[in-house]
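Residue numbers (the working numbering), protein chains in the order written: chain L, 424 to 540; chain C, 546 to 663.
Structure first, commentary second.
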């Protein structure tokens, strides 16, 4: 089975622009989470979606938004880009919306590296 | 809220030497703990997890970790490292119900860069 796939892998934007990042979860996984990893830091939680509903949101401004589609894929949108939004954006999927019960853990994709100039 | 502290930002070792990467956690509820590895220019890969049961957890690539409740630690160890183990290692703890945080997020430490030299 394919793992979590993300696109694009790299992109460059300028301040004020908008960006959309895409994620396809592992087949059979219904939950998708988004994390931001700034250089030299651990990943920070942005959103979690399960069955197309937002189940959790981290401490990020309203410029960040996301959605999940009927096929369980997801998009992360960031508006009015700032230099500080430059980061690796990681998508993770899990089988259910409660990823830490039993053996149901998060599986991460390779990420989308965003550079804001 | 749950949190983790990785005590070393960088750990250089020679090939075939043993290594220990330290992680301490803070939690007032039942604890799950994870170690993830990130190779250069890649995403995160799960190394091992502690959910319950035996406090000694074995993971992939010869790594193991021991859950120590009294010391609130979950240190990662490998008896003999290889050049290919060079990577960033992250300890993580999830937010659980009734803790005031989301049930659905992982909180990561800042990471430990393991560099294995020949």
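Every residue gets a Cβ at the ideal spot worked out from N, C-alpha and C, and that includes glycine.
One question on the structure: do residue i and residue j come within less than 8 Å of each other, judged by their Cβ atoms?
i: residue 651 of chain C; j: residue 468 of chain L; result: yes
i: residue 582 of chain C; j: residue 661 of chain C; result: no
i: residue 442 of chain L; j: residue 434 of chain L; result: yes
i: residue 370 of chain L; j: residue 455 of chain L; result: With chain L covering only 424 through 540, there is no way to say anything about residue 370 of chain L.
i: residue 594 of chain C; j: residue 607 of chain C; result: no
i: residue 491 of chain L; j: residue 512 of chain L; result: no
i: residue 621 of chain C; j: residue 610 of chain C; result: yes
i: residue 590 of chain C; j: residue 656 of chain C; result: no
i: residue 566 of chain C; j: residue 659 of chain C; result: yes
i: residue 556 of chain C; j: residue 654 of chain C; result: no
i: residue 531 of chain L; j: residue 588 of chain C; result: yes
i: residue 436 of chain L; j: residue 505 of chain L; result: no
Listing by chain order, which chain L residues have their CB less than 7 Å from the CB of residue i?
i: residue 653 of chain C; result: 465, 466
i: residue 594 of chain C; result: 528
i: residue 656 of chain C; result: 465
When the Cα of residue i is compared with those of the options, which residue comes out closest?
i: residue 488 of chain L; options: L/529, L/460, L/536, L/445; result: L/445
i: residue 509 of chain L; options: L/479, L/481, L/528, L/534; result: L/534
i: residue 438 of chain L; options: L/470, L/503, L/457, L/515; result: L/503
i: residue 546 of chain C; options: C/564, C/570, C/553; result: C/570
i: residue 470 of chain L; options: L/505, L/429, L/530, L/498; result: L/498
i: residue 630 of chain C; options: C/584, C/604, C/553, C/551; result: C/584
i: residue 613 of chain C; options: C/568, C/654, C/628, C/564; result: C/568
i: residue 477 of chain L; options: L/507, L/440, L/495; result: L/495
i: residue 605 of chain C; options: C/638, C/626, C/617, C/654; result: C/626
i: residue 519 of chain L; options: L/463, L/451, L/440; result: L/451
i: residue 554 of chain C; options: C/649, C/663, C/564, C/634; result: C/634
i: residue 479 of chain L; options: L/457, L/464, L/486; result: L/457
i: residue 529 of chain L; options: L/484, L/440, L/515; result: L/515
i: residue 540 of chain L; options: L/485, L/460, L/481, L/507; result: L/507
i: residue 564 of chain C; options: C/640, C/628, C/599, C/588; result: C/628
i: residue 601 of chain C; options: C/586, C/640, C/619, C/572; result: C/619
i: residue 640 of chain C; options: C/598, C/603, C/572; result: C/572
i: residue 576 of chain C; options: C/596, C/663, C/560, C/562; result: C/596
Starting from residue i, find everything on chain L with Cβ-Cβ shorter than 8 Å and list it in chain order.
i: residue 635 of chain C; result: 465, 466
Name, please, each residue of chain C whose Cβ falls closer than 9 Å to the Cβ of residue i.
i: residue 456 of chain L; result: 649, 650, 651
i: residue 510 of chain L; result: Within chain C, no residue comes near residue 510 of chain L; the closest Cβ sits about 13 Å away, beyond 9 Å.
i: residue 461 of chain L; result: Within chain C, no residue comes near residue 461 of chain L; the closest Cβ sits about 11 Å away, beyond 9 Å.
Give the residues of chain C in contact with residue i, contact being defined as C-beta atoms less than 7 Å apart.
i: residue 533 of chain L; result: 587, 588
i: residue 478 of chain L; result: 649
i: residue 513 of chain L; result: 588, 589
Along chain L, which residues have their Cβ under 9 Å away from the Cβ of residue i?
i: residue 591 of chain C; result: 528, 529, 530, 531
Where in the region 462-494 of chain L do unbroken runs of the beta strand (DSSP E), each at least 3 residues long, occur, reported from the N-terminal end onward? 467-473, 476-480, 487-491
Which parts of the region 586-656 of chain C are runs of the beta strand (DSSP E), unbroken and 3 residues or longer, counting only runs that do not cross its ends? 589-595, 601-603, 609-613, 618-623, 632-639, 651-653
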